[in-house]
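In what follows, a structure is listed as structure tokens, so that the remarks can point back to it.
There are 2 protein chains.
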Amino acid sequence: MSTSNDLLLRTARGEQVERPPVWLMRQAGRILPQYRAIRNRLSGFKELVETPELAAEVTIQPVDELGVDAAIIFSDILVIPEAMGLPYEMVEKRGPLFPKVIKSAADIQKLRQGGSAAAELGYVYDAVRETRKQLDGRVPLIGFAGAPWTLLAYMVEGSGSKTFSKAKRFLYSEEKLAHELLSKITSTLIAYLKEKVNAGAQLVQVFDSWAGILSPAQYRKFALPYIREIVASIDEVPVTVFSKGAWFVLEDIGQLDCQVVGLDWNTPPELARQWVGPEKVLQGNLDPCQLYAAPEEVAAAATRMLDAFGRRHIANLGHGVYPDTPLDGVKAFVKAVQAYRYK
Amino acid sequence: MSTSNDLLLRTARGEQVERPPVWLMRQAGRILPQYRAIRNRLSGFKELVETPELAAEVTIQPVDELGVDAAIIFSDILVIPEAMGLPYEMVEKRGPLFPKVIKSAADIQKLRQGGSAAAELGYVYDAVRETRKQLDGRVPLIGFAGAPWTLLAYMVEGSGSKTFSKAKRFLYSEEKLAHELLSKITSTLIAYLKEKVNAGAQLVQVFDSWAGILSPAQYRKFALPYIREIVASIDEVPVTVFSKGAWFVLEDIGQLDCQVVGLDWNTPPELARQWVGPEKVLQGNLDPCQLYAAPEEVAAAATRMLDAFGRRHIANLGHGVYPDTPLDGVKAFVKAVQAYRYK
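So the sequences go chain by chain: A and B. Oh and the first sequence: position 4 is 276 in this note's numbering, straight run, nothing missing. Oh and the second sequence: position 182 is 454 in this note's numbering, straight run, nothing missing.
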């Protein structure tokens with residue numbers, strides 16, 4: 273099955289391309305009326321994640337509606353804790369909630385890991401297969417996972433948090449347990465991402481959503497080594513590492529065996545290139561709120577961003593698109609990138 | 273009235289000192305049992321802020337209990353929107369809530385500004401006077417205010433938020449109104465800080481708590497010019513600018529006419545020094561969660577931080593101390609700094 277628009281994959285492999293590919297984090301979601309229509313007739317978010325036909329449908333919606341150059345499988349980073357034995361609920365307007373959290377060695381002992389945990393997630397691999405089939409080669413399909421530190425953060429904190437101070441406290445006061453838990457998460461993530469690739473994911477992105485709340489020393493101790501292990505174990509497809517807020521370790525991230533580095537909207541493209549080095553492809557990083565502006569301003573801002581990045585770039589926002597973003601702003605962004613040509 | 277421990281002021285003025293002074297953001301607060309005892313017999317947080325005798329009492333508690341080298345007046349950055357005509361409530365466990373928010377030119381038109389807004393805050397100046405009297409020169413007293421962008425963020429968003437996307441949308445879609453509002457806030461802040469200094473504040477700190485969610489371009493357009501105006505208008509005492517998360521404009525902040533630059537815990541001291549330049553005093557930046565560790569580890573981490581900063585440094589955390597921090601950790605931090613000597 274060939275891909276007719278393979279711009280994303282050619283760019284990720286470092287090939288010379290005529291313009292950057294464009295997609296948006298959270299493009300499959302509440303910005304689309306088609307998504308809201310499906311979501312509103314379901315019992316909840318998890319039903320959508322766990323039903324392969326529906327997940328495939330909403331994954332493809334932004335390809336149809338926005339004309340983006342890639343699809344990203346509709347799923348959730350928290351399927352991994354659940355597969356390991358720590359179920360979660362998605363509470364409307366409040367976010368994820370774990371009825372049980374990790375507090376002790378015994379809690380960690382009980383968790384599944386590696387292939388046996390990854391085997392719990394057949395519905396994700398089915399969704400990937402179904403999506404590839406329905407996409408029929410129109411654009412590449414991205415798979416993703418949360419990074420070990422971000423998953424530990426939820427498993428210890430039990431919910432979202434402004435500070436994740438319980439999870440950080442765990443790192444400072446239970447260093448040995450933290451490493452045990454991170455190892456179990458990592459072995460699960462590797463098995464999971466390999467299954468996703470087997471099912472048809474053509475690039476995988478690792479999201480370290482809470483990277484930015486760790487100090488540089490903590491990030492190097494508890495986050496980076498596990499990402500390095502994951503990235504080194506995926507040879508089959510290009511890998512993107514997006515450590516949101518972790519500007520202070522971009523030089524280290526530049527040393528990872530990944531092809532693409534995601535950037536948040538705080539990071540000036542020139543500085544990112546200097547820190548990451550000349551080889552890797554950079555992805556990002558328009559402020560998601562820029563899309564609230566008038567379409568012509570969105571287009572101008574997108575073009576300025578593309579000029580600043582130059583080649584070896586995948587156009588995206590610096591964060592997931594916010595649910596109340598006007599479709600006109602999103603479309604103006606996609607259109608401006610697709611009209612762009614490298615000089 | 274002389275100050276017997278004037279280490280903070282000597283350091284802020286760039287004088288040669290034997291060790292760095294130490295205080296903690298939010299040191300007057302829930303970490304102290306004395307504070308919780310007072311707070312629990314009051315109707316709410318605002319009663320404490322608005323009652324000068326009580327505000328003075330809790331301001332002095334950390335000087336007694338922790339032996340820190342400075343007091344910071346117990347107050348709230350949101351007294352400014354309230355003085356301008358936008359009252360707020362402090363909702364237990366949820367944070368600030370503004371029943372009315374700024375949406376239109378007419379809303380901005382109605383706001384008080386400058387001296388007439390600042391005149392509403394007599395209780396703050398009384399608290400400063402009362403605290404100075406009771407401190408009787410033991411340590412210097414710091415005054416503070418929120419920065420214009422951070423105050424606009426609350427006045428438009430109406431509450432705390434992970435993304436402040438309503439406030440950021442306002443910047444992108446109502447640029448002219450945003451500047452009008454920022455100007456009114458700025459004139460109020462200048463009058464307010466001058467009154468605070470008249471009442472006895474010996475150093476003032478400007479907190480831009482939500483600096484880190486703006487893009488570099490937005491920060492330079494909507495935040496920095498107003499901070500510059502404030503800083504330039506305060507000649508009487510040293511000024512600290514703490515733009516949390518705004519690592520990407522530290523070079524610009526280094527050009528401001530302030531004496532001290534606050535740093536969050538993500539920012540490596542060496543890099544901050546390089547960006548800010550050799551002259552200014554740096555303040556910060558231990559990870560607040562480091563204080564959850566065992567006291568001997570806290571002391572070791574504090575010493576490593578002091579070594580990394582070298583001279584021209586005020587020891588502090590990189591964020592306000594978290595309410596559940598053990599007192600032993602806080603005391604180990606203060607003690608380690610006070611035992612330190614420059615070589």
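Glycine included, every Cβ here is placed at the ideal spot set by N, Cα and C.
Rounded distance between the beta-carbons of residue j and residue i, thought under 8 angstroms
i                      : j                      : result
residue 484 of chain B : residue 538 of chain A : 7 angstroms
residue 456 of chain A : residue 383 of chain A : 6 angstroms
residue 556 of chain A : residue 473 of chain A : That belief does not hold up - the Cβ atoms of residue 556 of chain A and residue 473 of chain A are roughly 20 angstroms apart, past 8 angstroms.
residue 439 of chain B : residue 429 of chain B : 5 angstroms
residue 522 of chain B : residue 547 of chain B : 4 angstroms
residue 494 of chain B : residue 450 of chain B : 6 angstroms
residue 295 of chain A : residue 344 of chain A : 7 angstroms
residue 586 of chain B : residue 509 of chain B : At roughly 14 angstroms, the Cβ-Cβ gap does not stay under 8 angstroms, so residue 586 of chain B and residue 509 of chain B are not in contact.
residue 291 of chain A : residue 491 of chain A : Actually they are not in contact, since the Cβ atoms of residue 291 of chain A and residue 491 of chain A sit about 34 angstroms apart, beyond 8 angstroms.
residue 559 of chain A : residue 518 of chain A : Not really, about 18 angstroms apart at Cβ, beyond 8 angstroms.
residue 482 of chain A : residue 436 of chain A : 6 angstroms
residue 423 of chain A : residue 353 of chain A : 6 angstroms
CB contact below 8 angstroms: residue i versus chain A
i                      : result
residue 605 of chain B : no
residue 276 of chain B : no
residue 366 of chain B : no
residue 686 of chain B : Within the shown structure, residues of chain B are numbered from 273 to 615, placing residue 686 of chain B beyond reach of any answer.
residue 431 of chain B : no
residue 540 of chain B : yes
residue 614 of chain B : no
residue 594 of chain B : yes
Contact with chain B by residue i, beta-carbon distance below 8 angstroms
i                      : result
residue 437 of chain A : yes
residue 479 of chain A : no
residue 545 of chain A : no
residue 484 of chain A : yes
residue 426 of chain A : no
residue 445 of chain A : yes
residue 440 of chain A : yes
Limits of the unbroken beta strand (DSSP E) element including residue i
i                      : result
residue 480 of chain A : 475-480
residue 587 of chain A : 585-589
residue 317 of chain B : From DSSP, residue 317 of chain B is part of no beta strand (DSSP E) but of the alpha helix (DSSP H) over 317-322.
residue 569 of chain B : Unbroken run through residue 569 of chain B is the alpha helix (DSSP H), 567-581; no beta strand (DSSP E).
residue 361 of chain A : 361-363
residue 484 of chain A : That residue, residue 484 of chain A, is in no beta strand (DSSP E); it is neither H nor E in DSSP.
Delimiting residues of the alpha helix (DSSP H) encompassing residue i
i                      : result
residue 417 of chain B : Where residue 417 of chain B is concerned, there is no enclosing alpha helix (DSSP H), although the beta strand (DSSP E) it sits in stretches over 413-418.
residue 394 of chain A : 394-407
residue 619 of chain B : An answer regarding residue 619 of chain B cannot be provided, because it is not within the stretch 273 to 615 covered by chain B.
residue 592 of chain A : Segment: none, residue 592 of chain A is in no alpha helix (DSSP H) and carries neither H nor E.
residue 369 of chain A : No alpha helix (DSSP H) holds residue 369 of chain A; the beta strand (DSSP E) holding it covers 367-369.
residue 455 of chain A : 447-471
residue 497 of chain B : 496-505
residue 605 of chain A : 599-611
residue 374 of chain A : It is not in any alpha helix (DSSP H) - residue 374 of chain A carries neither H nor E in the DSSP assignment.
residue 283 of chain B : 279-284
Any C-beta of chain D under 8 angstroms from that of residue i
i                      : result
residue 484 of chain B : Of the chains in the structure shown, none is chain D; the protein chains are A and B.
* Residues of the region 548-568 of chain B whose Cβ lies closer than 7 angstroms to any Cβ of chain A, in chain order -> 559, 561, 562, 564 and 565
* Using Cβ-Cβ distances below 9 angstroms, what residues of the region 516-537 of chain B are close to chain A? -> 517, 518, 519, 520 and 537
* Runs of alpha helix (DSSP H) lying entirely within the region 513-556 of chain A, each at least 4 residues, in chain order -> 522-525 and 541-548
* Mind listing which residues of the region 488-502 of chain A have their C-beta closer than 8 angstroms to chain B's C-betas, in chain order? -> 488 and 490
* To do: Please list the segments of the alpha helix (DSSP H) lying wholly inside the region 286-352 of chain B, counting only runs of 4 or more residues, in order along the chain.
  => 305-312, 317-322 and 324-338
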